[in-house]
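**Student:**
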Ligand SMILES: [Zn+2]
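Residue numbers (the numbering used here): 21 to 771.
Encoded structure:
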């Protein structure tokens with residue numbers, strides 16, 4: 021047989037390696053550079069005679085990805101470097117273990133599985149240097165295996181539809197970075213995307229909608245794009261994608277949502293709802309009251325659907341959703357209430373638990389495992405169910421301690437539909453703030469799991485919901501480079517610090533992403549503002565991502581044109597005395613990525629005052645506790661985490677201390693109304709005044725009706741106490757119903 025060779029002509033940006041690190045992502049377990057000069061070559065030859073075709077095809081395609089972008093012709097005879105593959109048949113205690121070394125003459129790959137050969141090859145590609153007219157490789161030795169068996173990326177194809185080619189591209193790049201689970205979110209209120217032969221209307225009707233919300237959910241008034249929108253995957257396409265992923269070491273975990281997020285299915289088969297009323301596939305986001313009825317017909321319908329799903333997807337785990345299912349309809353549905361009596365279920369949560377158990381038993385009989393969002397814990401967890409913990413870490417902790425398998429995917433660190441930079445300059449997103457550094461800091465094993473039960477944490481996953489992501493370029497923008505941070509958390513036992521990770525990105529990985537033509541985001545590189553209290557006011561400085569000071573400029577925007585004052589320097593001081601709530605536009609400039617950041621600053625009469633918190637904010641939302649409420653900067657809307665204090669315990673109380681008795685005329689208190697994120701306005705605010713902090717006198721009381729509440733103040737006071745009355749629980753039918761809502765405050769503007 022003629023030896024098959026792979027040809028590499030591999031060129032990329034200049035890379036510099038040091039002894040501490042290899043610039044490979046995810047960081048290998050063990051890497052050591054050996055002594056000896058770099059070997060210069062122009063052709064990499066890999067003997068793949070022993071490799072199954074499906075795997076060698078992937079190696080070829082990776083070669084094409086890199087070669088086609090940078091192929092160079094050379095007149096001289098190519099100098100070849102050979103890669104020898106050695107498969108170890110004995111089982112290694114660690115899954116997908118591989119070893120890779122270069123002794124100066126030959127590259128040796130020892131691998132234990134098809135996937136681990138791909139891992140080794142990806143690592144090798146990342147280690148080769150471009151020397152302009154030739155390639156080079158330093159002698160090294162490397163051993164590697166994954167820390168967690170579940171390294172997941174999710175894609176919602178319901179809110180917006182992505183083609184087979186786009187889905188394959190998503191899988192391609194994740195596989196190159198050693199992700200191994202693709203969670204395909206195939207059904208939701210806004211579209212049913214998987215062909216089910218027995219129920220053709222699911223895709224015929226449920227696959228399309230006649231309107232889609234423009235702008236953000238919270239934008240008022242709402243406007244609609246009335247274009248006919250949708251699409252679905254045929255079973256033949258799905259089989260093709262499943263094989264494509266499997267060839268790349270990626271298992272596809274399909275998600276069929278139940279009992280909630282069912283509007284598309286119910287548009288096709290309204291009899292499966294409690295009311296039977298026909299409603300169109302919705303183009304609005306959020307949570308809807310109409311869910312699958314718990315009656316027998318629905319249970320068998322869903323089991324029929326799962327029968328076809330199981331035939332298409334070899335995955336051990338099948339995701340059944342289980343999240344955000346309001347019980348409004350079940351409470352008034354005769355059939356649901358009958359079920360509760362028949363099975364002696366004490367409330368609708370137990371009815372949902374019973375519903376999920378029907379699927380759990382069904383999938384178990386089929387030799388599969390059920391996985392669902394953490395709501396499936398409510399009313400009792402099914403015996404074999406695995407849990408995906410998204411509403412925080414609590415669900416994951418509880419499930420692991422009950423010895424159920426868990427995949428961690430808390431919104432705080434793992435939701436890539438959140439903003440990764442300033443929401444004023446980023447493309448419209450859901451809300452939230454999950455910058456690169458926060459993703460990088462994530463540890464999939466939360467505190468609170470007993471040592472014996474830590475093994476139930478299978479790993480972690482990042483989720484991409486696509487309400488505000490209509491095209492694939494933006495998918496890439498939201499996922500990269502955050503996915504490179506997340507794989508560090510699930511693969512790497514020796515994760516370097518964040519600054520080293522940034523160096524790896526800028527010195528090597530962005531060049532690799534360019535070969536894939538990925539539209540990655542540079543939002544992480546924008547300079548950040550630091551606002552600190554200073555005697556009688558505040559100081560604003562800017563720093564680059566490598567913590568160096570940058571220049572900032574401030575321009576007064578309250579003045580008429582021609583009188584604009586521009587001040588530039590490393591820091592700017594604003595005093596509260598004598599100011600008249602003038603506004604300034606402040607910009608920080610950074611040279612490495614040529615990026616800038618801007619904030620609007622209000623120089624009001626309360627900036628830099630001291631606040632004593634009687635109610636502490638939730639520690640996740642205590643951004644710059646000392647100064648946030650009096651730093652002159654309003655929080656961004658849609659909410660992106662920074663510039664806000666978030667409270668979720670009882671009422672909110674704090675005291676503002678002045679240096680002397682002051683007669684303020686007004687204070688404007690600013691709060692956030694973002695009910696989809698469980699953030700509600702307070703009900704009312706009362707202000708008390710005092711001059712020695714002992715005897716408090718009520719000086720104002722006002723109902724809160726909007727985000728900004730202007731309150732008239734009376735008399736001279738040295739202290740002001742603010743007491744906000746908040747809702748005890750989120751009202752029924754709203755996202756997070758029954759939970760204590762958050763109160764988010766960003767500023768007190770004194771005049
Ligand atoms: Zn019902």
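Glycine residues also receive a C-beta, built at the ideal position from the N, C-alpha and C atoms. Nothing here was measured: the structure is a model prediction, and the numbers come from that model.
#1: Classify residue 37 as helix, strand or coil using the three-state DSSP reduction.
#2: Smallest Cα separation from residue 714: which of 740, 236 and 720?
#3: Is the beta carbon of residue 347 within less than 6 Å of some heavy atom of ligand 1?
#4: Is residue 355 near ligand 1, going by C-beta to nearest heavy atom under 6 Å?
#5: Is it buried or exposed, residue 442, if we count other Cβ atoms within 10 angstroms and call 16 or more buried?
#6: What are the residues that DSSP puts in a beta bridge with residue 709?
#7: Mind checking residue 267: buried by the 16 CB within 10 Å criterion, or exposed?
#8: Closest by CA to residue 69, which one among 506, 603 and 107?
#9: Go to residue 189, then tell me how far its beta strand (DSSP E) extends in each direction, as first and last residue.
#10: Just confirm the distance between the C-beta atoms of residue 180 and residue 205, as a whole number of angstroms; I'd bet it's less than 8 Å.
#11: Does the beta-carbon distance from residue 687 to residue 631 come in below 7 Å?
#12: Report the three-state DSSP secondary structure of residue 640 (helix, strand or coil).
#13: Do residue 690 and residue 46 have their C-beta atoms within less than 7 Å of each other?
#14: For residue 486 and residue 438, what's the separation of their Cα atoms in angstroms?
#15: Do residue 376 and residue 342 have their beta-carbon atoms positioned less than 7 Å apart in this structure?
#16: Roughly how many angstroms separate the alpha carbons of residue 161 and residue 142, rounded to a whole number?
#17: So, using beta-carbon positions, are residue 86 and residue 535 closer together than 7 Å?
#18: Please work out which residues of its chain come closer than 7 Å, Cβ to Cβ, to residue 236, disregarding the five sequence neighbours upstream and downstream, and give them in chain order.
#19: Applying the criterion that 16 or more other CB atoms from any shown protein chain within 10 Å of the CB defines a buried residue, is residue 617 buried or exposed?
#20: Quick one: does the C-beta of residue 178 sit closer than 6 Å to a heavy atom of ligand 1?
#21: What is the C-beta distance between residue 231 and residue 303, in whole angstroms, given that I count them as a contact (C-beta under 8 Å)?
#22: Verify the contact flag: residue 294, CB atom, against every heavy atom of ligand 1, threshold strictly below 6 Å.
#23: Mind reading off the beta-carbon distance from residue 163 to residue 49? Whole number of angstroms is fine, and I expect it under 8 Å.
#24: How should residue 397 be labelled, buried or exposed, when 16 other C-beta atoms within 10 angstroms of its C-beta is the threshold for buried?
#25: Based on the DSSP output, what are the partners of residue 570 in its beta bridges?
#26: As a quick exercise: from 346, 326 and 332, pick the residue whose alpha carbon is nearest that of residue 293.
#27: Residues in the same chain with beta-carbon distance under 7 Å from residue 602, minus the five sequence neighbours each way, listed in chain order, please.
#28: Using a threshold of 7 Å, state whether the C-beta atoms of residue 436 and residue 478 are closer than that.
#29: Less than 7 Å between CB atoms is the rule here; does residue 523 satisfy it with respect to chain D?
#30: Between the C-alpha atoms of residue 132 and residue 65, what's the straight-line distance to the nearest angstrom?
#31: Assuming residue 171 is part of the beta strand (DSSP E), what are its boundary residues?
#32: Around the Cβ of residue 219, are there at least 16 other Cβ atoms within 10 angstroms (buried) or fewer (exposed)?
#33: Classify residue 315: buried if its beta carbon has 16 or more other beta carbons within 10 angstroms, exposed otherwise.
#34: Using only the heavy atoms of ligand 1, determine whether one of them is closer than 6 Å to the beta carbon of residue 313.
#35: Who are the Cβ neighbours of residue 335 in its own chain at under 8 Å, not counting the five residues just before and after it?
#36: Do three or more CB pairs link the region 117-132 to the region 96-105 at distances below 8 Å?
**Tutor:** Reading from the atomic positions:
#1: At residue 37, the pLDDT of 38 sits below 50, so the modelled position is not reliable and the matter cannot be decided from this model.
#2: 740
#3: no
#4: yes
#5: buried
#6: 717 and 740
#7: buried
#8: 107
#9: Premise fails: residue 189 lies in the alpha helix (DSSP H), 184-196, not in any beta strand (DSSP E).
#10: Not a contact, Cβ separation roughly 11 Å.
#11: no
#12: helix
#13: no
#14: 11 Å
#15: yes
#16: 15 Å
#17: yes
#18: 448 and 658
#19: buried
#20: no
#21: 4 Å
#22: yes
#23: 6 Å
#24: buried
#25: 562
#26: 346
#27: 576, 578 and 623
#28: no
#29: The displayed structure is made up of one protein chain only, and chain D is not part of it.
#30: 21 Å
#31: 170-176
#32: buried
#33: buried
#34: yes
#35: 271, 272, 273, 274 and 388
#36: yes
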